[in-house]
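Single-structure report; data block below.
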Amino acid sequence: MATLSENPERATAQELLLKYQSLCNTLFNRSLMPKWICDCTTLSYLEVNEKAIEHYGFSREEFLKMSPFDICHPEEHQALKEFINEGSLETFNRKVRHIKRSGEVLFVEVTVYQIPYKEKEAILIIADDITETLSLERQLFHERLNKQLEINRITIDIQEKERAVIGKELHDNVNQMLTTAKVYLEHVLDNMQQRSLLKNAMNIVNSSIEEIRKLSRRLVPPSLGDISLKDAICDLADSIEVVKKYSVLLGISKLDESDLSDGLKLTIFRILQEQLNNILKYAEATEIKISLNQNPTSLILTIQDNGKGFNTNCSSKGIGIRNITNRAHAYNGKVNINSAPGEGCTLFVHFILSH
7 MATLSENPER ATAQELLLKY QSLCNTLFNR SLMPKWICDC TTLSYLEVNE
57 KAIEHYGFSR EEFLKMSPFD ICHPEEHQAL KEFINEGSLE TFNRKVRHIK
107 RSGEVLFVEV TVYQIPYKEK EAILIIADDI TETLSLERQL FHERLNKQLE
157 INRITIDIQE KERAVIGKEL HDNVNQMLTT AKVYLEHVLD NMQQRSLLKN
207 AMNIVNSSIE EIRKLSRRLV PPSLGDISLK DAICDLADSI EVVKKYSVLL
257 GISKLDESDL SDGLKLTIFR ILQEQLNNIL KYAEATEIKI SLNQNPTSLI
307 LTIQDNGKGF NTNCSSKGIG IRNITNRAHA YNGKVNINSA PGEGCTLFVH
357 FILSH
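Residues 7 to 361 (this note's numbering) make up the sequence shown, in order.
In structure tokens form, the structure reads like this:
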């Protein structure tokens, strides 16, 4: 039999193979990412690198008694079983959750390759810890969301100030001029024969004064420092019920206004005002139910009518609904609308209260 020294070519090939294996072992063990070699049949770990031991907190001996199921989050087990049953072990890449020895949950991107290992089929598993990356992405998302909410609130504040200026101008200036004109007309009316024309003019002036009074009342928000949100809602409901066409049922439960910011209270009032306006214009309703319920963590405003209803898929982008949605979002609120033709409409606005 020929020895290795008698077969230099074979000796050289074996030396190269040994060097290659040594290089692979070095690259495996010194990798900056956790790596394992796993038996294709039993799924037990055959080898583990230093980074996996350091990062996960298990010793080499412990790892060699484990399988991928032992470090996968329980909610990931079903997906892992399906992957194994499919038998597609050649390549695999997905985001999963791993659990360290300490119990800390990691988000990792796992890549799997099928490889030969010591004359058997095995799989190489590489885990890239993306926990910090995902955390930063979530933080950035929330920062962007909060910035957008702040922009929405500032926009609403500017709109409210503009409305207040217009309402005050109508009340203080235009209404005063009309009132003065009314006084003059009353004086002339007492001293002239053609009173019918003057009476018509007087009626127009009176109607103008009343319309401006209503308009200024709608434009200028209630001073919730002088009047409570509950009283403002009651006044709004009363102003609708005066027109005998509507029955308004009002229910306010466990409302603690000291927990609510002025901005949130004004938002609730404006949403109610907007939806009532929608009902009066379009719903052809006879009954309106308003409820405002508060608990330690949330506030729910419900406005229901027995009107003709509408298809929410077609009407969800109307200006009125957009205004309501934008106002609600600015104060951690979500809007839900239940309606169908002939079945009335129920508007739910759910605010999360932050303390």
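Beta carbons: idealized from backbone N, C-alpha and C, even for Gly.
Reduced DSSP secondary structure (H/G/I, E/B, other) of residue i
i, result
"valine 248", "coil"
"phenylalanine 98", "strand"
"isoleucine 233", "coil"
"threonine 3", "The first residue shown for the chain is 7 and the last is 361, placing residue 3 beyond what the model contains."
"glycine 63", "coil"
"proline 40", "coil"
"leucine 10", "Confidence in leucine 10 is poor, its pLDDT being 45 and thus under 50, which makes the residue's placement unreliable; the coordinate value appears in the next sentence. Residue state, collapsed to three classes: helix."
"lysine 126", "strand"
"cysteine 78", "strand"
"arginine 103", "strand"
"serine 108", "coil"
"glutamate 21", "helix"
"leucine 49", "coil"
"histidine 148", "helix"
N-terminal and C-terminal residue of the beta strand (DSSP E) that residue i is part of
i, result
"glutamate 82", "Run containing glutamate 82: none; DSSP gives neither H nor E here."
"asparagine 358", "Sequence inspection shows isoleucine at residue 358; the asparagine mentioned does not correspond to that position. Per DSSP, isoleucine 358 belongs to the beta strand (DSSP E) from 351-358."
"glutamate 115", "111-123"
"glutamate 263", "Looking at the DSSP string, glutamate 263 is not in any beta strand (DSSP E), and its letter there is neither H nor E."
"leucine 70", "Premise fails: leucine 70 is in no beta strand (DSSP E) and is neither H nor E."
"tyrosine 288", "Neither: tyrosine 288 is in no beta strand (DSSP E) and is coded neither H nor E."
"leucine 255", "253-259"
Beta-carbon proximity of residue i to residue j, cut-off 8 Å
i, j, result
"leucine 298", "isoleucine 258", "yes"
"histidine 104", "histidine 79", "yes"
"lysine 126", "tyrosine 62", "no"
"isoleucine 239", "leucine 278", "yes"
"asparagine 344", "serine 360", "no"
"leucine 235", "alanine 243", "no"
"asparagine 317", "glycine 350", "no"
"proline 340", "alanine 334", "Before going further, note that residue 340 is lysine rather than proline in the sequence given. The answer is yes: Cβ separation under 8 Å."
"leucine 146", "phenylalanine 113", "no"
"glutamate 56", "asparagine 35", "yes"
"leucine 221", "leucine 191", "no"
"glutamate 115", "isoleucine 131", "no"
"phenylalanine 98", "valine 111", "no"
"asparagine 158", "asparagine 332", "yes"
"lysine 314", "alanine 336", "no"
"leucine 70", "valine 54", "yes"
"tyrosine 123", "isoleucine 59", "no"
"valine 254", "glutamate 263", "no"
"methionine 72", "aspartate 134", "no"
Contact belief for residue i with residue j at Cβ below 8 Å, rounded distance in angstroms
i, j, result
"isoleucine 129", "cysteine 46", "6 Å"
"isoleucine 296", "isoleucine 309", "6 Å"
"proline 74", "leucine 49", "6 Å"
"asparagine 301", "lysine 260", "7 Å"
"arginine 293", "glycine 326", "One point to set straight first is that residue 293 is glutamate, not arginine, in the sequence displayed. About 20 Å; that fails the 8 Å criterion."
"leucine 272", "glutamate 138", "With 8 Å as the limit, leucine 272 and glutamate 138 do not qualify as a contact, their Cβ atoms being about 40 Å apart."
"phenylalanine 357", "leucine 270", "7 Å"
"leucine 184", "isoleucine 215", "5 Å"
Residue i at chain B interface by Cβ criterion, 8 Å
i, result
"valine 254", "This model lacks chain B altogether; it includes just one protein chain."
Segment limits, alpha helix (DSSP H) that includes residue i
i, result
"leucine 278", "268-284"
### Task
Could I get the ranges of all uninterrupted alpha helix (DSSP H) runs contained in the region 291-349, with 4 residues as the minimum, in chain order?
318-321 and 325-335
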